[in-house]
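K.L.:
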Amino acid sequence: MTLTSSHEAPGDTSDNLGPESHHTSRHAMLYLYASHFLSTWLSRGFEFGAVLFLARSYPGSLLELSLYAIFRALSAIVCAPIVAKYIDRGDRLMVIRQSILWQRASVTASCLFFWPLLHQASFSKWSPSWLLCGVILLAGVEKLASMACTISVERDWVIVIANDDSTKLETINSQMRRIDLFCKLISPVAIALLEGASTKIAIIYIAGTNVIFAAIEYSLIKVTFQSFPRLADKVAVTDASSSRPISDIASHNHLGIAWFRSWYQSCKRNVVTYVSQDAFYPSLCLSALYLTSLSFGGQMVAFLLAMGFSGSLLALLRVGSTICELSATWLAPWLMARVGVIRAGLWFLNGQVICLCMAIVPLWIAPTSFTALLLFVCGVALSRVGLWGFDLSSQVFIQSHVHEADRAAFSTTEWALQSIFELATFLITAALPDVHQFKISATISFCSVAIAASLYARFVYAERGHLFHGKKRI
Numbered sequence: 001m002t003l004t005s006s007h008e009a010p011g012d013t014s015d016n017l018g019p020e021s022h023h024t025s026r027h028a029m030l031y032l033y034a035s036h037f038l039s040t041w042l043s044r045g046f047e048f049g050a051v052l053f054l055a056r057s058y059p060g061s062l063l064e065l066s067l068y069a070i071f072r073a074l075s076a077i078v079c080a081p082i083v084a085k086y087i088d089r090g091d092r093l094m095v096i097r098q099s100i101l102w103q104r105a106s107v108t109a110s111c112l113f114f115w116p117l118l119h120q121a122s123f124s125k126w127s128p129s130w131l132l133c134g135v136i137l138l139a140g141v142e143k144l145a146s147m148a149c150t151i152s153v154e155r156d157w158v159i160v161i162a163n164d165d166s167t168k169l170e171t172i173n174s175q176m177r178r179i180d181l182f183c184k185l186i187s188p189v190a191i192a193l194l195e196g197a198s199t200k201i202a203i204i205y206i207a208g209t210n211v212i213f214a215a216i217e218y219s220l221i222k223v224t225f226q227s228f229p230r231l232a233d234k235v236a237v238t239d240a241s242s243s244r245p246i247s248d249i250a251s252h253n254h255l256g257i258a259w260f261r262s263w264y265q266s267c268k269r270n271v272v273t274y275v276s277q278d279a280f281y282p283s284l285c286l287s288a289l290y291l292t293s294l295s296f297g298g299q300m301v302a303f304l305l306a307m308g309f310s311g312s313l314l315a316l317l318r319v320g321s322t323i324c325e326l327s328a329t330w331l332a333p334w335l336m337a338r339v340g341v342i343r344a345g346l347w348f349l350n351g352q353v354i355c356l357c358m359a360i361v362p363l364w365i366a367p368t369s370f371t372a373l374l375l376f377v378c379g380v381a382l383s384r385v386g387l388w389g390f391d392l393s394s395q396v397f398i399q400s401h402v403h404e405a406d407r408a409a410f411s412t413t414e415w416a417l418q419s420i421f422e423l424a425t426f427l428i429t430a431a432l433p434d435v436h437q438f439k440i441s442a443t444i445s446f447c448s449v450a451i452a453a454s455l456y457a458r459f460v461y462a463e464r465g466h467l468f469h470g471k472k473r474i
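Residue numbers (the UniProt record's numbering): 1 to 474.
#1: With a cut-off of 8 Å on the beta carbons, I'd call ALA214 and LEU317 a contact; round off their distance for me.
#2: For PRO282 versus GLU170, is the C-beta distance shorter than 8 Å?
#3: What number of angstroms, rounded off, separates the C-alpha of TYR86 from the C-alpha of SER276?
#4: Where does ASP406 sit, in a helix, a strand or coil, going by DSSP?
#5: At 4 residues or longer, and completely inside the segment 384-435: list those alpha helix (DSSP H) runs for me, N to C.
#6: Out of curiosity, what's the CA-to-CA distance linking ILE70 and ASN163?
#7: Return the residue from the list LEU289, TYR456, ALA80 that minimises the CA-CA distance to SER266.
#8: Excluding five sequence neighbours on each side, which residues of the same chain lie with their C-beta closer than 7 Å to the C-beta of PRO367?
#9: What residue range does the alpha helix (DSSP H) around VAL141 cover?
#10: If you run the structure through DSSP and keep just helix, strand and coil, what is PRO282?
#11: I need the straight-line Cα distance from ALA50 to TYR461, nearest angstrom please.
#12: Can you tell me where the alpha helix (DSSP H) with LEU289 in it begins and where it stops?
#13: Would you tell me roughly how many angstroms separate the C-alpha atoms of TYR456 and VAL160, rounded to the nearest one?
#14: For the alpha helix (DSSP H) containing LYS222, name the first residue and the last one.
#15: Under DSSP, the alpha helix (DSSP H) around GLY345 begins and ends at which residues?
#16: Considering only the alpha carbon of each residue, which of LEU231, TYR264, SER327, GLY465 lies closest to SER152?
#17: Note down the Cα distance separating VAL353 from ALA450, rounded to an integer number of angstroms.
#18: Would you call the segment 91-101 and the segment 427-444 in contact, with 3 or more CB pairs under 8 Å?
#19: With H, G and I counted as helix, E and B as strand and the rest as coil, what does DSSP make of SER247?
#20: Just verifying my parser: in three-state terms, what is the DSSP assignment at GLN277?
#21: Along the alpha helix (DSSP H) that carries ALA105, what are the first and last residues, could you check?
#22: Taking its Cβ as the centre, do 16 or more other Cβ atoms sit within 10 Å of ILE342, making it buried, or is it exposed?
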């Protein structure tokens, strides 16, 4: 599939729509953005809230939080083929609406488990271990539902709505990323303020908003679906494993063996599909960026606090980092329009490598110097421009080069790969728990980005025949 710019599609009937139709289309896009905002706001709030609730339930211990994070990552890795089948076999509206219900129900149920977990002395009939298991299992369900919903919207609906218009696709992607980044900053702040007043209030807020907004989100996605009739047309995806005779499955002594073989074949088929796509290298490079401790996450914040940074200074620096990230959502479309999607990705990724190099070197030269630490933080913040710029450019390339029948298999495999890199980050942190060893994990993160940049340079050279200059836009 090749995308064209909006002014290059004279045969596209959408260019001949009257003002009223364009007005309707704009309203439909607002419904899509509103639905995405609610979904992202609730997801970000729950992710942060769950960390706070576990920290309150098990003060002084990181074991439970580690188990929680590891299980979420493993859920995405192991169940990626199942999610791919679920997306392929269902119609677009049903998949997203069911995903919304599963997501909101699992979050609400998690809150019901968190309540007695926080008051273990008052609920002696409930075993804390069983409550923790319930919270962890529900976190896996929420992760898979979120995975299905996100992939369906960002890797399928958005492409159909853009209707082969590259300018429109870049605009939609950028707007969706702005919503993501806004919710990433503000939603956790709202939860933190509520939790600071009362943990009970925070739990009630998360449960209540997920129940109330589920109906609104459910309706918004239906209106969006009805506003774009092309969404009703979906390429049928055949699954070889689903056509096997029942006798073949029943012949196994154990149903578990049959399920495992089916799962393995699905994994193998999806990986082959993933590797064979033109978008394999951009996707692989994007996934490699998930192996990082160089963000304003738990590891880096703990390191900076240990080095003497105040909470207020960290909050200010985090806001600055988010501003850098938001700037990429305007810079990326501008750069893609001038140098093309592939070259823009190369520029952004190389820029990220340069910024992280500026951040890492001071950690090794003068690790306790405030000036060196400030340079480190500034380098990490500036690198976020390259990160999100590359995310947007690679997203456009992936959306335009993966066939419709392969979107679910490709995207779920990519999601699983990203989860593997995230899991590797957790394991590195566990192996290097001392804050004074942070520079080692930071260097490993930098190496991951550098390797991704090298692989992407190889991809660019294979696509264009050269790395530098070129007047023709690709």
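All residues carry an ideal CB built from backbone N, CA and C; glycine is no exception.
P.N.:
Once the coordinates are examined:
#1: Not really, about 35 Å apart at Cβ, beyond 8 Å.
#2: Taking 8 Å as the Cβ cut-off, PRO282 and GLU170 do not qualify as a contacting pair.
#3: When only Cα atoms are considered, TYR86 and SER276 end up about 22 Å apart.
#4: Helix.
#5: Unbroken alpha helix (DSSP H) runs of no fewer than 4 residues, entirely contained in the segment 384-435, are found at 407-431, following chain order.
#6: For ILE70 and ASN163, the distance between alpha carbons rounds to 38 Å.
#7: Of the listed residues, the one whose Cα sits closest to SER266 is ALA80.
#8: LYS439, listed in sequence order.
#9: Residues 128-152.
#10: Assigned with DSSP and collapsed to three states, PRO282 falls in helix.
#11: Rounded to whole angstroms, ALA50 and TYR461 show a C-alpha spacing of 44 Å.
#12: No alpha helix (DSSP H) contains LEU289, which DSSP labels as neither H nor E.
#13: Cα to Cα, TYR456 sits roughly 27 Å from VAL160.
#14: Note, LYS222: alpha helix (DSSP H), 199-227.
#15: Segment 341-365, the alpha helix (DSSP H) holding GLY345.
#16: For SER152, the closest C-alpha among the options LEU231, TYR264, SER327, GLY465 is that of LEU231.
#17: If you take the alpha carbons of VAL353 and ALA450, they lie about 6 Å apart.
#18: Flag = no, the segment 91-101 and the segment 427-444 do not touch.
#19: Residue placement at SER247 cannot be trusted, given a pLDDT of 47 that sits under 50; what the coordinates show is reported in the next sentence. In the three-state reduction of the DSSP assignment, SER247 falls in the helix class, which pools H, G and I.
#20: It is coil, neither helix nor strand.
#21: Its alpha helix (DSSP H) spans residues 92-118.
#22: The residue in question, ILE342, is buried, as its Cβ has 16 or more Cβ neighbours within 10 Å.
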